[in-house]
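**Q**
Residue numbers (full-length UniProt numbering): 1 to 212.
1. Tell me the rounded alpha-carbon separation between residue 143 and residue 70.
2. Could you name the residues of the same chain whose beta carbon sits closer than 8 angstroms to that of residue 189, not counting the 5 residues immediately before and after it, in chain order?
3. At which residue ranges does the region 146 to 195 contain complete beta strand (DSSP E) runs of 3 or more residues, listed in the order of the chain?
4. Given that a residue counts as buried once 16 or more other Cβ atoms are within 10 Å of its Cβ, and exposed if not, what is residue 17?
5. Tell me whether residue 110 is buried or exposed, calling it buried when 16 or more other Cβ atoms sit within 10 Å of its Cβ.
6. Short of 6 angstroms in beta carbon distance, which residues of its chain neighbour residue 93, apart from the five on each side in sequence? Order them along the chain.
7. Once you ignore the five residues that flank residue 165 on each side, which residues in its own chain have a CB closer than 8 angstroms to its CB?
8. Select from 35, 171 and 21 the residue whose C-alpha is nearest the C-alpha of residue 205.
9. For residue 155, which residues of its own chain have a beta-carbon under 7 angstroms away from its beta-carbon, when the five flanking residues on both sides are left out?
10. On the DSSP letters alone, give me the boundaries of the beta strand (DSSP E) that residue 6 sits inside.
11. Candidates 152, 199 and 4: which alpha carbon is nearest residue 105's?
12. Helix, strand or coil: which one does DSSP assign to residue 133?
13. Determine the direct distance from the alpha carbon of residue 35 to that of residue 75, and round the result to whole angstroms.
14. Mind checking which residues open and close the beta strand (DSSP E) that includes residue 21?
15. How big is the Cα-Cα spacing for residue 3 and residue 203?
16. Whose C-alpha, out of 103, 88, 13 and 139, is nearest the C-alpha of residue 194?
17. Let's see if you can read the secondary structure: which residues bound the beta strand (DSSP E) around residue 71?
18. Tell whether a beta-carbon distance below 7 angstroms holds between residue 62 and residue 91.
19. Out of 86, 6, 13 and 68, which has the shortest C-alpha to C-alpha gap to residue 32?
20. Report all residues from its chain with a CB closer than 6 angstroms to the CB of residue 117; omit the five preceding and five following residues, and keep chain order.
21. Below 8 angstroms on the Cβ atoms is my guess for residue 68 versus residue 97; work out the distance and round it to an integer in Å.
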C-alpha cells in the first residue's frame, strides 16, 4: 500500500545535515547520551525544546524523524562511569507524536540503576506508545498506544499491533505479530517483511514534506 504524503510546518522542525528531522516541540533530555544511528558526524547543533532550554544535540544519524511531543529520556542513565550511551536509535526510524522513549531500570543488590536501550533501523513507533525495552531490532512496527515493558526484547521483523501491552522481560521472536493485553503472538509475518518495512520507512521519509 502506497504511503500518503504527510505535510509538516518547516518552521516547527530542525533538519540536520544528515537528514534527521526533529520537532522543536519534542522533548529530548540528556541529548549527549543519545545516539541517532551508527555513523558519527562532527556537527553539533543547538536544539530548542518546548520549555525553551537550549540543548546540544549530537547528530549521529540519517533520515530519522522525531515528531511533536515525542519524549526521549536520555538523562535517565546509570550514575558514575563517564558518558555512556543511554539510548541508541538507528536509521530511518519514526518516533511518532506523544511517544515516550525511556531506558529500562531495576534495583540490583540494593542499587537502583537505568540500563541502555537500543533501537535498530527501520523502526516505527506509533503515536502515544511508551517504550522501556532493552532492545528493539530492525524492521519493527509498533502501533499506537502500546506499552513495551521494561527489558523486553523485540527481535527483528516484528509487528506490535495498536494498544498492545508487552510485559516486562518478554522476548518477542522474529517475524511475530503480537496483540492484546498482555500481548501474545497472534500470527506470523512473511519472509519478505524486511524488504516491506524498509520500503515503508523510506517511503514515509520521502513523503514527509515541508510546507512554508
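Yeah, the Cβ is synthetic: ideal placement off N, Cα and C, and Gly gets one too.
**A** Taking the geometry as given:
1. In the chain shown, the residue the question calls residue 143 occupies position 143. In the chain shown, the residue the question calls residue 70 occupies position 70. One C-alpha to the other measures close to 15 angstroms.
2. Stepping through the chain shown from its first residue, residue 189 is reached at position 189. The beta carbon of residue 189 sits closer than 8 angstroms to the beta carbons of 157, 158, 159, 175, 176 and 177 from its chain, once the five residues preceding and following it are set aside; these are given in chain order.
3. The region 146 to 195 contains these whole beta strand (DSSP E) runs: 158 to 160, 176 to 179 and 184 to 188.
4. Along the chain shown, read from residue 1 onward, the residue named residue 17 stands at position 17. Exposed, because fewer than 16 other Cβ atoms sit within 10 Å of the Cβ of residue 17.
5. Taking the first residue of the chain shown as position 1, residue 110 is located at position 110. Under this definition residue 110 is an exposed residue.
6. The residue given as residue 93 occupies position 93 in the chain shown. Taken in chain order, the residues that qualify are 64 and 123.
7. Here residue 165 corresponds to residue number 165 of the chain shown, with the count starting at 1. Residues 146, 147, 149, 180, 181, 182 and 183 of the same chain have their beta carbon placed closer than 8 angstroms to that of residue 165, with the five preceding and five following residues left out of the count.
8. The sequence position of residue 205 within the chain shown is 205, counting from 1. Nearest C-alpha to residue 205 among 35, 171 and 21: 21.
9. Within the chain shown, numbered from 1, the residue matching residue 155 stands at position 155. Closer than 7 angstroms at Cβ, skipping near neighbours: 137, 172, 173 and 174.
10. On the chain shown, residue 6 is found 6 positions in, with the first residue counted as 1. 6 to 9 is the extent of the beta strand (DSSP E) around residue 6.
11. As a working note, residue 105 is residue 105 in the chain shown. Nearest option by C-alpha distance: 152.
12. Position 133 of the chain shown, counted from the first residue, corresponds to residue 133. The answer is coil: DSSP assigns residue 133 none of H, G, I, E or B.
13. Taking the chain shown and counting its residues from 1, one reaches residue 75 at position 75. Taking the chain shown and counting its residues from 1, one reaches residue 35 at position 35. Roughly 13 angstroms between the two C-alpha positions.
14. If you number the chain shown from 1, residue 21 lands on position 21. Looking at the DSSP string, the run of the beta strand (DSSP E) that includes residue 21 is 21 to 23.
15. If you number the chain shown from 1, residue 3 lands on position 3. If you number the chain shown from 1, residue 203 lands on position 203. When rounded, the distance between both Cα atoms is 7 angstroms.
16. Numbered from 1 along the chain shown, position 194 holds the residue referred to as residue 194. Among 103, 88, 13 and 139, the Cα nearest to that of residue 194 is on 139.
17. The sequence position of residue 71 within the chain shown is 71, counting from 1. Per DSSP, residue 71 is one residue of the beta strand (DSSP E) stretching across 71 to 73.
18. Here residue 62 corresponds to residue number 62 of the chain shown, with the count starting at 1. Here residue 91 corresponds to residue number 91 of the chain shown, with the count starting at 1. The beta carbons of residue 62 and residue 91 sit closer together than 7 angstroms.
19. Counting from one through the chain shown, the residue named residue 32 turns up at place 32. Ranking 86, 6, 13 and 68 by Cα distance to residue 32 puts 86 first.
20. Indexing the chain shown from 1 puts residue 117 at position 117. Closer than 6 angstroms at the Cβ level, and outside the excluded window around residue 117, lie 87 and 103.
21. Translated into the one-based positions of the chain shown, residue 68 becomes position 68. Translated into the one-based positions of the chain shown, residue 97 becomes position 97. That pair is a contact at about 5 angstroms.
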